[in-house]
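See structure below.
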Amino acid sequence: MSEASDILNRLLSSEVKGDLLVLFHKNPGIIDTIDGVARRIGRTGNSIGNDVKDLVDLGVLERKQVGKHEAIFLDRKRDGEVQKIIGNYLNSMKKKEG
Amino acid sequence: MVRVRTGISDLDKMLGGGFMEGDAVLLAGSAGTGKTTLALQYLVNGVTQFGDAGIYVTFEQLPDQIYRDAKNFGWDLRKMEEQNKFRLICTSPELLLETDGGESILDGPIKEIRPRRLVIDSLSHLEMFVPERELRKEAYRLIMYLKTKGLSSLLLWESPQIIGNSFSVTEVGISFLADGIVLLRPVEIESSMRKAIGILKLRGSDHDKQLREFEITTQGIKVEASFSEYEGLMTGSPRKKATLGEAIDQFSAAFARKEKKS
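First to last, the protein sequences are chains A and B. Using numbering that gives the first Met the number 0, read the first sequence as starting at 0 and increasing by one per residue. Using numbering that gives the first Met the number 0, read the second sequence as starting at 0 and increasing by one per residue.
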């Protein structure tokens with residue numbers, strides 16, 4: 000499996016990930032605790048923990064320790080790279096189909 | 000004394016030229032009075048008129064809503080962010096107040112764009128995360144952090160009291176910590192809701208003591224004349240002041256009534 004399809008599969012693997020991606024893309028200035036992020040999509044910190052971890056592993060989100068809290072925010076550079084990889088992949092798929 | 004102008008010319012006149020540099024000013028008012036608009040205008044004018052970079056910290060409202068609302072006034076905040084003149088940070092009070100690791104979440108953006116102005120929307124949100132007995136201490140710590148960084152800050156405060164006789168800016172003594180207090184207040188005059196702006200306090204500076212009317216226009220806040228024809232605005236039940244002619248007429252009528260009785 001190519002890197003692009005692997006990323007795409009992981010991004011589309013849950014509804015929460017979709018909600019998180021929309022939230023951070025619309026609001027790139029969010030830097031918040033996991034509970035704070037969860038509140039902004041109408042969920043709880045516990046329910047989004049695994050999805051946040053996946054997005055951190057992909058590099059789309061970053062984690063930073065601020066005192067006793069962990070802050071989560073969008074890695075704008077890596078996010079741009081991921082979008083480019085997915086865009087190229089989707090374009091090549093279209094060409095194949097065409 | 001160096002002043003930080005808001006760029007709203009009539010408000011700057013009320014302030015004696017602008018806020019004092021490095022001051023923390025409380026911008027208090029009930030919901031819908033225009034606190035966010037005035038605060039954004041302070042930052043946008045800073046960028047466009049005075050070359051000052053600015054940071055807007057929001058606890059509740061999401062940035063995309065702020066970008067959209069700002070665009071209605073012709074302010075392109077995203078473009079200003081791309082130009083490294085503006086940052087919109089959306090966070091929770093507990094994270095902003097966290098300094099155990101020695102670093103604040105504001106340190107990075109402050110290093111990046113070197114702002115002169117900062118807005119916190121709103122300080123009243125600290126109440127949700129800090130016990131009341133510690134609120135003043137935490138607010139003091141935050142204000143001192145902003146002052147140490149040399150920022151001229153506007154701290155928004157949502158006053159629950161919309162209209163009426165009893166009025167306090169904050170219930171927890173925050174107004175004593177602020178260097179200045181700008182009050183936005185709805186007033187009911189002849190069955191219509193109008194908006195008033197006043198300077199309650201400006202440490203170390205003279206300022207306009209009158210309440211002035213303001214409007215939220217398509218270009219932002221526009222300060223207008225004082226409510227010179229009315230008195231008792233702070234009570235929420237203003238009365239029209241009698242003109243000299245009316246006062247003479249009233250006196251004559253009262254005198255005539257008295258004469259008739261006797």
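Backbone N, C-alpha and C fix where the C-beta goes; we use that ideal spot for every residue, glycine too.
>> Let's see if you can read the secondary structure: which residues bound the alpha helix (DSSP H) around G86 (chain A)?
In response: Looking up residue 86 (chain A) in the first sequence gives position 87. Here the alpha helix (DSSP H) through G86 (chain A) covers 75–96.
>> Using 8 angstroms for Cβ pairs, my map puts Y262 (chain B) next to I188 (chain B). What's the rounded Cβ distance?
In response: This structure cannot speak to residue 262 (chain B), because chain B is shown only from 0 to 261.
>> For a contact defined as C-beta to C-beta under 9 angstroms, what are the partners of A70 (chain A) on chain B?
In response: By 1-based counting over the first sequence, the position of residue 70 (chain A) is 71. Within 9 angstroms Cβ-Cβ: T90, L94, E97, I104.
>> Counting only beta-carbon separations shorter than 8 angstroms, does N86 (chain B) have a partner in chain A?
In response: The residue given as residue 86 (chain B) occupies position 87 in the second sequence. With the sequence shown as reference, residue 86 (chain B) is identified as Arg, and Asn is not the correct amino acid for it. Yes, R86 (chain B) counts as interfacial toward chain A.
> Does any residue of chain A bring its CB to less than 8 angstroms from the CB of P130 (chain B)?
Replying inline: Mapped onto the second sequence, residue 130 (chain B) falls at position 131. It does not; no Cβ of chain A falls within 8 angstroms.
> Closer than 8 angstroms, CB to CB, is K76 (chain A) near chain B or not?
Replying inline: Numbered from its first residue, the first sequence carries residue 76 (chain A) at position 77. When Cβ-Cβ separations below 8 angstroms define contact, K76 (chain A) makes no contact with chain B.
>> Quick check: the segment 35–49 of chain A against the segment 6–19 of chain A, are at least 3 beta-carbon pairs closer than 8 angstroms?
In response: Contact holds: three or more Cβ-Cβ distances are below 8 angstroms.
>> Taking CB distances under 8 angstroms as the criterion, tell me whether N26 (chain A) reaches chain B.
In response: Here residue 26 (chain A) corresponds to residue number 27 of the first sequence, with the count starting at 1. Cβ-Cβ to chain B under 8 angstroms: yes for N26 (chain A).
>> Just to make sure I have the definition right: I need the residues of chain A whose C-beta is within less than 7 angstroms of the C-beta of D75 (chain B). Which are they?
In response: Position 76 of the second sequence holds residue 75 (chain B). Identification of chain A residues near D75 (chain B) by a Cβ-Cβ cut-off of 7 angstroms yields none; the smallest Cβ-Cβ distance measures about 15 angstroms.
> Can you find a CB in chain A that lies within less than 8 angstroms of the CB of D63 (chain B)?
Replying inline: Position 64 of the second sequence, counted from the first residue, corresponds to residue 63 (chain B). Interface residue (Cβ-Cβ distance to chain A less than 8 angstroms): D63 (chain B) is classified as such.
>> I need the DSSP call for T47 (chain B), collapsed to helix, strand or coil.
In response: Position 48 of the second sequence, counting from 1, holds the residue named residue 47 (chain B). Residue state, collapsed to three classes: helix.
> Quick one: which chain B residues come within Cβ less than 9 angstroms of V65 (chain A)?
Replying inline: In the first sequence, residue 65 (chain A) corresponds to position 66, counting from 1. For V65 (chain A), the chain B residues whose C-beta falls within less than 9 angstroms of its own C-beta are L94, E97, T98, D99, G100, E102, S103, I104, listed in chain order.
>> For S165 (chain B) and N44 (chain B), I'd like the C-alpha separation in whole angstroms.
In response: Stepping through the second sequence from its first residue, residue 165 (chain B) is reached at position 166. Stepping through the second sequence from its first residue, residue 44 (chain B) is reached at position 45. Note on S165 (chain B): pLDDT 47, under 50, position unreliable in the model; no value is reported.
> Could you check where the beta strand (DSSP E) with D120 (chain B) kicks off and where it finishes?
Replying inline: On the second sequence, residue 120 (chain B) is found 121 positions in, with the first residue counted as 1. D120 (chain B): member of the beta strand (DSSP E) spanning 116–120, first to last residue.
> By Cβ distance, which residues of its chain are closer than 7 angstroms to R238 (chain B), with the 5 residues on each side in sequence left out?
Replying inline: As a first step, residue 238 (chain B) must be located in the second sequence, where it is residue number 239. Y229, E230, G231.
> From which residue to which residue does the alpha helix (DSSP H) around I142 (chain B) run?
Replying inline: On the second sequence, residue 142 (chain B) is found 143 positions in, with the first residue counted as 1. Start and end: 131–147.
>> Check for me: the alpha helix (DSSP H) holding L10 (chain A) runs from which residue to which?
In response: Position 11 of the first sequence, counting from 1, holds the residue named residue 10 (chain A). First-last of the alpha helix (DSSP H) with L10 (chain A): 2–10.
>> So, with DSSP's three-state summary, where would you put K67 (chain A)?
In response: In the first sequence, the residue the question calls residue 67 (chain A) occupies position 68. DSSP places K67 (chain A) in coil when its eight states are reduced to three.
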